[in-house]
Amino acid sequence: MEETLTNPRTASVFIAIFIIFFISLQTFIAEYRAVLLTTGTTNDVISALAETGDAWPHPASSRSVRDILSICGRLLLLSPRLKSDPALAEAVSTNCNHIANDFLARSPRNGRAMAVALLTSKRIEADRLAAAQVAAPYEPWPLNVRLQIVSASADLTPEVAALARADIGRAMLSHWGREALATLYITHDRMRPLIAGAADAAAPADQRAFLDLLRRETGAGS
């Protein structure tokens with residue numbers, strides 16, 4: 000028995016088994032925590048995402064990452080708790096940025112990860128926005144996040160504004176997109192010239208549908 004354990008080939012097998020077990024355990028822990036994160040209450044999710052640095056393992060499966068990226072976007076854009084607590088919002092944003100960039104290292108052209116990376120950046124860089132558009136030009140979730148990012152920017156460079164016009168034009172083609180644009184037109188004064196320009200350039204049917212929706216939203220037709 001002692002000879003068997005000290006045999007180099009046998010030792011290599013035991014080491015390989017241990018490595019496989021360790022990797023499998025880490026993967027299981029990461030996926031388990033991802034499930035807990037995506038099924039917890041809003042406050043639990045915020046607390047988990049606010050943990051410093053790499054305190055919780057990043058999930059291994061693309062589906063889990065996709066779910067967490069969606070949660071990151073929803074919370075950072077809509078959560079009243081984060082809007083009222085800048086320090087907490089910064090902590091969540093930092094971890095979401097880590098998750099997005101970690102996934103981009105494995106899947107460089109993932110539109111959802113690119114959108115979250117943009118959302119969690121300190122400023123909008125035209126080249127990164129353009130790359131995100133190329134990765135997912137019409138996919139609703141990334142497109143909507145890009146629109147929200149632009150609308151929240153205090154100062155748009157000419158390059159970013161030009162890219163924003165292209166996204167607004169894409170959103171004008173669908174009902175959900177026109178709804179999002181109508182809301183932005185009403186709530187963000189700086190977006191009005193960009194949206195109005197896209198509406199003027201839209202096909203007659205899309206232009207008419209957007210204007211009808213805008214009238215309903217503002218009560219102008221009543």
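Numbering follows numbering that gives the first Met the number 0, with no gaps: position 196 of the sequence shown is 195. Glycine residues also receive a C-beta, built at the ideal position from the N, C-alpha and C atoms.
| request: Would you mind reading off the limits of the alpha helix (DSSP H) that contains H97? | output: Position 98 of the sequence shown holds residue 97. It spans 85 to 105 - the alpha helix (DSSP H) in which H97 sits, taken as one unbroken run.
Q) Can the beta-carbon of A130 be found closer than 8 Å to that of M113? A) Walking along the sequence shown from the start, residue 130 turns up at place 131. Walking along the sequence shown from the start, residue 113 turns up at place 114. Less than 8 Å divides the Cβ of A130 from the Cβ of M113.
Given that a residue counts as buried once 16 or more other Cβ atoms are within 10 Å of its Cβ, and exposed if not, what is A47? As a working note, residue 47 is residue 48 in the sequence shown. Classification for A47: buried.
key: Given D166 as reference, the closest of V133, C95, S83, T40 once Cα atoms are compared   = Position 167 of the sequence shown, counted from the first residue, corresponds to residue 166. Selection V133, C95, S83, T40 evaluated against D166 yields V133 as nearest (Cα-Cα).
Item checked: F102 versus G218 - alpha carbon distance -> Locating residue 102 in the sequence shown gives position 103, where the first residue counts as 1. Locating residue 218 in the sequence shown gives position 219, where the first residue counts as 1. So the two alpha carbons sit approximately 44 Å from each other.
A179 to R169 span [Cα, whole Å]: For the purposes of this step, residue 179 is taken as the residue at position 180 of the sequence shown. For the purposes of this step, residue 169 is taken as the residue at position 170 of the sequence shown. Distance between the alpha carbons of A179 and R169: 12 Å.
Subject >> Whole-angstrom C-beta distance between N94 and A116, which should lie under 8 Å >> reply: Within the sequence shown, the letter at position 117 stands for residue 116. Within the sequence shown, the letter at position 95 stands for residue 94. A116 to N94, Cβ: 13 Å. No contact.
My assumption, with CB atoms under 8 Å, is that R177 sits in contact with L212. Please give the rounded CB distance. Locating residue 177 in the sequence shown gives position 178, where the first residue counts as 1. Locating residue 212 in the sequence shown gives position 213, where the first residue counts as 1. Confirmed, about 5 Å.
* Asked: Where does M171 sit, in a helix, a strand or coil, going by DSSP?
  -> Against the sequence shown, residue 171 aligns to sequence position 172. If DSSP states are grouped into helix, strand and coil, M171 belongs with coil.
_I need the DSSP call for Y137, collapsed to helix, strand or coil._
Numbered from 1 along the sequence shown, position 138 holds the residue referred to as residue 137. Here Y137 carries a coil assignment [DSSP, helix/strand/coil].
- Task: In the DSSP assignment, find the unbroken alpha helix (DSSP H) run with T41 in it and report its ends.
- Result: The residue you call residue 41 lines up with position 42 of the sequence shown. It spans 41 to 48 - the alpha helix (DSSP H) in which T41 sits, taken as one unbroken run.
(request) Please report the residue range of the alpha helix (DSSP H) in which A202 lies. (result) Numbered from 1 along the sequence shown, position 203 holds the residue referred to as residue 202. Where A202 is concerned, there is no enclosing alpha helix (DSSP H), given that its DSSP letter is neither H nor E.
Considering only the beta carbon of each residue, do T155 and L118 sit closer than 8 Å? In the sequence shown, the residue the question calls residue 155 occupies position 156. In the sequence shown, the residue the question calls residue 118 occupies position 119. Per the sequence shown, the amino acid found at residue 155 is Leu instead of Thr. 8 Å or more divides the Cβ of L155 from the Cβ of L118.
Give me, in chain order, the residues of the same chain whose beta-carbon lies closer than 6 Å to that of A202; leave out the 5 immediate sequence neighbours on both sides. Your numbering for residue 202 matches position 203 in the sequence shown. If we look at A202 and ignore the five residues flanking it on each side, it has no Cβ neighbours.
Is I194 helix, strand or coil by DSSP? One-based indexing of the sequence shown puts residue 194 at position 195. Three-state result, I194: helix.
query = DSSP on A123, reduced to helix/strand/coil?
reply = Counted from its first residue, the sequence shown places residue 123 at position 124. Before going further, note that residue 123 is Ile rather than Ala in the sequence given. In the structure shown, I123 sits in coil (DSSP, three-state: anything other than H, G, I, E or B).
For this session: Given a cut-off of 8 Å, decide if S152 and L183 are closer than it, judged by their beta-carbon atoms.
Result: As a first step, residue 183 must be located in the sequence shown, where it is residue number 184. As a first step, residue 152 must be located in the sequence shown, where it is residue number 153. Cβ atoms of L183 and S152: not closer than 8 Å.
For this session: Determine the DSSP secondary structure at A153, reduced to helix, strand or coil.
Result: Sequence index remark: in the sequence shown, residue 153 carries index 154 (1-based). Note: A153 maps to coil in three-state DSSP.
Can you list, in chain order, the residues of its chain with a C-beta nearer than 6 Å to that of A88? Leave out the 5 residues immediately preceding and following it. Translated into the one-based positions of the sequence shown, residue 88 becomes position 89. Counting only Cβ-Cβ distances below 6 Å, and skipping sequence neighbours, we find L81.
Hey, how far is the Cα of R65 from the Cα of R111? For the purposes of this step, residue 65 is taken as residue 66 along the sequence shown, with counting starting at 1. For the purposes of this step, residue 111 is taken as residue 112 along the sequence shown, with counting starting at 1. R65 and R111 have their C-alpha atoms spaced approximately 7 Å apart.
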